[in-house]
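Those protein sequences? They're chains D and W, same order as listed.
Heads up: the first sequence begins at 15 in this note's numbering, then just goes up one per residue.
Heads up: the second sequence begins at 25 in this note's numbering, then just goes up one per residue.
Below is one structure; the comments refer to it alone.
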Amino acid sequence: DVKVTQSSRYLVKRTGEKVFLECVQDMDHENMFWYRQDPGLGLRLIYFSYDVKMKEKGDIPEGYSVSREKKERFSLILESASTNQTSMYLCASSLCRGACGYTFGSGTRLTVV
Amino acid sequence: ILNVEQSPQSLHVQEGDSTNFTCSFPSSNFYALHWYRWETAKSPEALFVMTLNGDEKKKGRISATLNTKEGYSYLYIKGSQPEDSATYLCAFWGAQKLVFGQGTRLTINP
Numbered sequence: 015d016v017k018v019t020q021s022s023r024y025l026v027k028r029t030g031e032k033v034f035l036e037c038v039q040d041m042d043h044e045n046m047f048w049y050r051q052d053p054g055l056g057l058r059l060i061y062f063s064y065d066v067k068m069k070e071k072g073d074i075p076e077g078y079s080v081s082r083e084k085k086e087r088f089s090l091i092l093e094s095a096s097t098n099q100t101s102m103y104l105c106a107s108s109l110c111r112g113a114c115g116y117t118f119g120s121g122t123r124l125t126v127v
Numbered sequence: 025i026l027n028v029e030q031s032p033q034s035l036h037v038q039e040g041d042s043t044n045f046t047c048s049f050p051s052s053n054f055y056a057l058h059w060y061r062w063e064t065a066k067s068p069e070a071l072f073v074m075t076l077n078g079d080e081k082k083k084g085r086i087s088a089t090l091n092t093k094e095g096y097s098y099l100y101i102k103g104s105q106p107e108d109s110a111t112y113l114c115a116f117w118g119a120q121k122l123v124f125g126q127g128t129r130l131t132i133n134p
């Protein structure tokens, strides 16, 4: 069964901490994405990557960075966590751009206190 | 900024009834439209990816239609069951990224 695995289901961090959210896929997909989901706002794209070493800003990249050293792993980094980054974070991957469905991880619910 | 609108935001339906909801998206430069089902405590799951005007897709009791010229898609659920309770998301592929609507939260009352 193909999978996107996110390392933590729930995470509580303090304001100012550097936070790493890890995502690994086993489908050999080129394309990987990070979204956050907030009530009433839907899924918003933070960063995406169409190739190893490649990264592009999404719609809300401020306060985040990413790392993709290997094809299967795409990490989201919160440089200095703030309370407005409390959210559900979803990682996804896809085989192609546009016309291929995304496979999502189970999400990480991050609370910054 | 691409705008994808879904309506209604939430819906309560009696078990056995059929229902439908709408996704509106930009009608220019169309490439693909996705539908996902997101059940509580699970990952969003792809239902359909539609690329052609007039396309109709079906998966069991769920079907979807696409009108790219006027910029809308309908999702239909026939004979709703409790397991259909979920948030249904549509997403428009544009400017090299997938932009999601806010979702329609469907609750099936037994």
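Glycine residues also receive a C-beta, built at the ideal position from the N, C-alpha and C atoms.
Three-state secondary structure assigned by DSSP to aspartate 108 of chain W
In the structure shown, the three-state DSSP call for aspartate 108 of chain W is helix.
So is leucine 76 of chain W buried or exposed if we call it buried at 16+ other beta carbons inside 10 Å?
exposed
Residues near glutamate 36 of chain D by beta carbon distance below 6 Å, same chain, minus five either side
Sequence-distant Cβ neighbours of glutamate 36 of chain D in its own chain, meaning closer than 6 Å and more than five residues away, are Ser21, Ser89.
Pairwise C-alpha distance: proline 134 of chain W and threonine 119 of chain W:
The sequence given here places alanine at residue 119 of chain W; threonine does not occur at that position. Cα to Cα, the separation comes out at about 42 Å.
Test: glycine 103 of chain W CB closer than 8 Å to a CB of chain D:
no
Within the same chain, show all residues whose beta-carbon is closer than 6 Å to that of tyrosine 55 of chain W, passing over the 5 residues directly before and after it, in chain order.
Trp117
Can you pull the chain W neighbours of serine 120 of chain D, defined as C-beta to C-beta under 9 Å?
Neighbours of serine 120 of chain D on chain W, chain order: Ala65, Lys66, Ser67.
Rank D/Ser108, D/Arg28, D/Gly54, D/Tyr64 by C-alpha distance to the C-alpha of aspartate 40 of chain D and give the top, closest one.
D/Ser108
So which residues of chain W does cysteine 114 of chain D contact, with C-beta pairs closer than 8 Å?
Val73
Since leucine 124 of chain D and leucine 25 of chain D are thought to touch, with beta carbons under 8 Å apart, how far apart are those beta carbons, to the nearest angstrom?
5 Å
Who are the Cβ neighbours of arginine 87 of chain D in its own chain at under 6 Å, not counting the five residues just before and after it?
Val38
I'd like to check one pair, leucine 122 of chain W with histidine 36 of chain W: are the Cβ atoms closer than 8 Å?
no
Let me know the secondary structure DSSP gives threonine 97 of chain D once reduced to three states.
helix
Between arginine 88 of chain D and chain W, is there a C-beta pair that is closer than 8 Å?
Before going further, note that residue 88 of chain D is phenylalanine rather than arginine in the sequence given. Closer than 8 Å: no.
In angstroms with no decimal places, state the Cα-to-Cα distance between aspartate 73 of chain D and alanine 65 of chain W.
25 Å
If contacts are defined as beta-carbon pairs under 8 Å, then glutamine 30 of chain W and glycine 127 of chain W qualify, I think. What distance do you get, rounded to the angstrom?
About 6 Å separates the beta carbon of glutamine 30 of chain W from that of glycine 127 of chain W, a gap short enough to meet the 8 Å contact definition.
Check whether chain D comes within 8 Å of leucine 122 of chain W, counting only Cβ atoms and requiring the distance to be less than that.
yes
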